[in-house]
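All the letters of the sequence shown, read from the start, carry residue numbers 9 to 284 under the working numbering. From the three backbone atoms N, C-alpha and C, an ideal C-beta is built for every residue, glycine too. Read through the structure below, which is laid out as structure tokens, and then see the notes.
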Amino acid sequence: MTRHREQEWVPPGIDTTKPSSSRTYDYLLGGAHNFQADRDAAEQAEKIMPGIRDVARLNRAFLGRVVRTLMGSGVRQFLDIGSGIPTVGNVHQVAEEIDPRCRVVYVDRDPIAVAHSRMLLGASEHATIVHADFADPDAITGDPQVRGLLDSGEPIGLLMVAMLHWIPPESDPHGLLAQYRDRVPTGSYLAISHLVSDRDSDRINSAVGTFNRARGHDQATTRTYGEVATMFGDFELIEPGLVGCALWRPGGPGDISDDPRANTQLYGGVARKTAA
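Spelled out as structure tokens, the structure:
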């Protein structure tokens, strides 16, 4: 992409020489909305942890299965926090195949992700994007677009897919998650996928360190199975529980990698709120 083309869609004040988690993820998924710094960060991580593209693909497939599963349980509205840059298989695309009236609010803190989501969604009546940070629950749940599109009296699919490992311990992710869990109605679901270090920890932590040293706005933190499990709070995990993303209700060969490590590099799970 030429510098002129970049200037057409980059919001003012964005330093494109520093990598972004959403743009790096976009590159790993084969998207076009990324810069050289994002590509360099991804390629360096790939050298340390071969198969990282496969992990990104499996995570996107997990998201699609989660949306279809929740819609099969009657959910018709989703709040996708840390949604990233729109790529094939996004929430509203999957949902609309089942029910075109399904409502989706995307949330991201990256201005480029927000700008591209707005272009993609256009004047859609059923999907929108909010520029906000997970660390500010009041800003998200109180946003006029969120309040206008999502019905607080109906179950919500709260999606935090490949997002929480970008929240450092000092930001108190567990405390913030508790606020979100408290604010959704009974019958809602929380879906999480998270980078973990239980297995092959040296290789994973080396790849994460490479990205972090690139000094972008986003810094990754790996966590263990037990640490990720506590993020669901008192919500009840649905079958098959918290497992490798690829092992969460796979529907076919494309949902699972031939590389066993890729299948469990991210843990994924979905839990339901059963009490107010």
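Output the distance between the C-alpha atoms of residue i and residue j, rounded to the nearest integer angstrom.
i           : j           : result
residue 192 : residue 133 : 22 Å
residue 28  : residue 229 : 15 Å
residue 161 : residue 107 : 19 Å
residue 280 : residue 267 : 31 Å
residue 254 : residue 78  : 17 Å
residue 171 : residue 199 : 11 Å
residue 114 : residue 148 : 10 Å
residue 24  : residue 61  : 22 Å
residue 9   : residue 97  : Residue placement at residue 9 is poorly supported in this model, since its pLDDT is 45, which falls under 50; the coordinates are not used for a value here.
residue 57  : residue 211 : 6 Å
residue 45  : residue 204 : 24 Å
residue 87  : residue 30  : 17 Å
residue 43  : residue 120 : 11 Å
residue 145 : residue 92  : 18 Å
residue 214 : residue 221 : 10 Å
residue 4   : residue 33  : Residue coverage of the chain in this structure runs from 9 to 284, which leaves residue 4 outside it and unanswerable.
residue 117 : residue 258 : 30 Å
Report the partner residues of residue i according to the DSSP bridge assignment.
i           : result
residue 88  : 114 and 167
residue 244 : 280
residue 200 : 168 and 277
Regarding residue i and the ligand FMN, is the C-beta to nearest heavy atom distance less than 7 Å?
i          : result
residue 96 : No copy of the ligand FMN occurs in the structure displayed, which carries no ligand at all.
Can you look up residue i in the DSSP assignment and give me helix, strand or coil?
i           : result
residue 229 : coil
residue 299 : Residue 299 falls outside the range modelled here, since the chain spans only 9 to 284, and no answer is possible.
residue 41  : coil
residue 136 : strand
residue 334 : Nothing can be reported for residue 334, as the shown portion of the chain is limited to 9 through 284.
residue 48  : helix
residue 29  : helix
residue 235 : helix
residue 144 : coil
residue 215 : helix
residue 285 : Nothing can be reported for residue 285, as the shown portion of the chain is limited to 9 through 284.
residue 192 : coil
residue 295 : An answer regarding residue 295 cannot be provided, because it is not within the stretch 9 to 284 covered by the chain.
residue 314 : Nothing about residue 314 can be reported from this structure: the residues present for the chain run from 9 to 284 only.
Taking one C-beta from the stretch 134-154 and one from the stretch 42-51 each time, how about it: are there three or more such pairs within less than 8 Å?
-> The stretch 134-154 makes no contact with the stretch 42-51; the number of CB pairs closer than 8 Å stays below 3.
Can you list the alpha helix (DSSP H) stretches of 4 or more residues lying completely in the stretch 55-106, in chain order?
-> For the stretch 55-106, whole alpha helix (DSSP H) runs of length 4 or above, ordered along the chain, are 60-80 and 99-106.
So does the stretch 256-270 actually touch the stretch 236-244, counting three or more Cβ pairs closer than 8 Å?
-> Contact check between the stretch 256-270 and the stretch 236-244: fewer than three CB pairs, one atom from each, fall below 8 Å, which does not count as touching.
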